[in-house]
Amino acid sequence: MSIDTTPSAPSNPVRPLFRQQAISHLSTKQYGTVILAKSFSHRFFTTFFVLIAIGIITFFALFSTTRKAQTSGVLLPDSGVIKVMANQNGIVTEKRVKEGQLVKAGEILYVLRSERQRQNLSHGQAPVDAQKAISSMLQKRRDSFGVELEQSNTQAQQRLTALQQRLADTRLDIQRAEVQIALQQQRVTLSEQNVKRFKDLQATNFISTTQLQDRQAELIDQQQRLADLQRAKASSQREWNSTKAELNDARIAAVREQTSLQRSASSVEQDLLENESRREFVVTAAQDGVMTAMTAELGQTVAANQALASILPDGSTLEAEIYAPSRSIGFVKPGMQVLLRYQAYPYQKFGQYAATVREVASTSLRPEELALPGAANGANGEPVYRIRLTLKKQDVLAYGKSLPLKSGMLVDASILLEQRRLYEWVLEPLFSISGRM
């Protein structure tokens, strides 16, 4: 028995997905699938750009930069600059020091003469120096008082000498009167003894009454002479006392007159000195130091309170005084690092120099209040804050030599405020937006 394996025709035939012609075409095609070959240059550039991308990412992630505040200022001594000023208007007649000279406190720097003049209207002549004319008149008055004082001294001396002579003569008269009184006292004593003896003789009728009376009359005469001498002595004593008092009064009067004249002469001398000080006065150094910024020259007319020069105090060191506007002062604090560029030495050639913030002012200054007006470049007239810097070096290396810095040099400064990585600077706007949300 045989089995028939031929499939029977389906009752519902299924339609194929692809056409018979397409299947036949694929089975009979001549070429296979195209495969693109990878070249060396393709791999190279792919690797190159990948490395660049990695480098950029690494650069932004690892490297950082510093935000800086740009300011300007000037070099000044740490103990300040002493301004030498004229206390009144005048003309420079003497200049006794030079730029860079070391001076001592009290040393004369300038001699100035007052420029005040008056018109001589009575003669129609050229103007004359008013201070000089006043000084001339005061000198004449002083000389007049000097002559008067000398004459007064001479007259007082003569009067005192005369009174002293009168006093000496009166003393001699008193001494002579005392001698004469002593002698006359002896005569009176002798006369008294004679009268007593004659009385005894008359009692014995040895002499007459007339003789006794003569002796008594002689005694009375001697007593009268003694009284006259005593009266003369008393008169001389009164004259001596009067002369003594007059001598004392003359001495007091002479001293009083001399004191009055000397007071008047001293007053005139003081007026003369004051006038001379206004006419010609000196400007001295207030402190030991070095002369600098000498602007006044011989013959120059200067005004009151005008700066003639400056003195750098002895032993001082230079510091930088920079001025920052309010927009740059917010994060500045002592200890921050600063890079200085001296305008006298271009930084492109001589580099920048380090400094440290020492002090930050808490109040602002107007531009005209600065130590050197105009030192705050870029302030545009707005108030600025003073920042003092400590210099790391007091000199500049130029062409292999160390050149000392000088007071008054202008500087540009970069204050190193904060250091951030590059990606932080790039993403800062996003951080700011998120912080405000």
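Heads up: the sequence shown at position 393 corresponds to 392 in numbering that gives the first Met the number 0, and the numbers run straight through without jumps. Backbone N, C-alpha and C fix where the C-beta goes; we use that ideal spot for every residue, glycine too.
- Within the region 43-88, the beta strand (DSSP E) runs of at least 3 residues that lie entirely inside it are, in chain order, 63-76 and 81-84.
- Of the other Cβ atoms in all chains shown, fewer than 16 fall within 10 Å of the Cβ of residue 171; this residue is therefore exposed.
- With fewer than 16 other beta carbons inside 10 angstroms of its own, residue 178 counts as exposed.
- In this structure, the alpha-carbon of residue 235 lies about 47 Å from that of residue 203.
- Here residue 398 is exposed: its Cβ has fewer than 16 other Cβ atoms, across all protein chains shown, within 10 Å.
- The Cβ-Cβ distance between residue 97 and residue 109 does not fall below 8 Å.
- Rounded to the nearest angstrom, the Cβ distance from residue 66 to residue 416 is 5 Å, consistent with a contact under 8 Å.
- According to the DSSP assignment, residue 336 belongs to no alpha helix (DSSP H) but to the beta strand (DSSP E) extending over 336-341.
- Here DSSP, grouped into helix, strand and coil, assigns residue 144 to helix.
- C-alpha of residue 80 to C-alpha of residue 113: approximately 27 Å in a straight line.
- Residue 330 is classed as exposed because its beta carbon has fewer than 16 other beta carbons within 10 Å across all chains shown.
- Apart from the 5 residues on each side of it in sequence, residue 217 sits with its Cβ closer than 7 Å to the Cβ of 190 in its chain, given in chain order.
- Annotation for residue 363: the continuous beta strand (DSSP E) segment containing it runs 352-364.
- The DSSP-derived three-state label of residue 98 is coil.
- Rounded to the nearest angstrom, the Cβ distance from residue 355 to residue 388 is 6 Å, consistent with a contact under 8 Å.
- Inter-residue distance for residue 287 and residue 302 is about 25 Å (C-alpha atoms, whole angstroms).
- Going by DSSP, residue 280 is part of the beta strand (DSSP E) stretching over 279-283.
- Under the criterion of beta carbons closer than 8 Å, residue 137 and residue 270 qualify as touching, at roughly 5 Å.
- Selection 243, 333 and 347 evaluated against residue 158 yields 243 as nearest (Cα-Cα).
- For residue 346, the enclosing alpha helix (DSSP H) starts and ends at 346-349.
- When 220, 185 and 215 are compared, the shortest CA-CA separation from residue 195 is found for 215.
- A straight line joining the alpha-carbon of residue 401 with that of residue 83 spans about 30 Å.
- 8 Å or more divides the Cβ of residue 282 from the Cβ of residue 101.
- Between the alpha carbons of residue 75 and residue 300 lies a distance of about 28 Å.
- In this structure, DSSP gives residue 113 a state outside helix and strand, which the three-state scheme calls coil.
- Linking residue 193 to residue 227 through their CA atoms gives a straight-line distance of about 22 Å.
- When the five nearest sequence neighbours on each side are left out, the beta carbons in the same chain lying within less than 7 Å of the beta carbon of residue 169 are those of 235, 238, 239 and 242, in order along the chain.
- Distance from the CA atom of residue 254 to the CA atom of residue 297, rounded to whole angstroms, is 49 Å.
- Look at residue 188 here: in three-state DSSP terms it is helix.
- Residue 284 sits close to residue 103, with the two beta carbons spaced by under 8 Å.
- In the structure shown, residue 408 adopts coil according to DSSP, grouped into three states.
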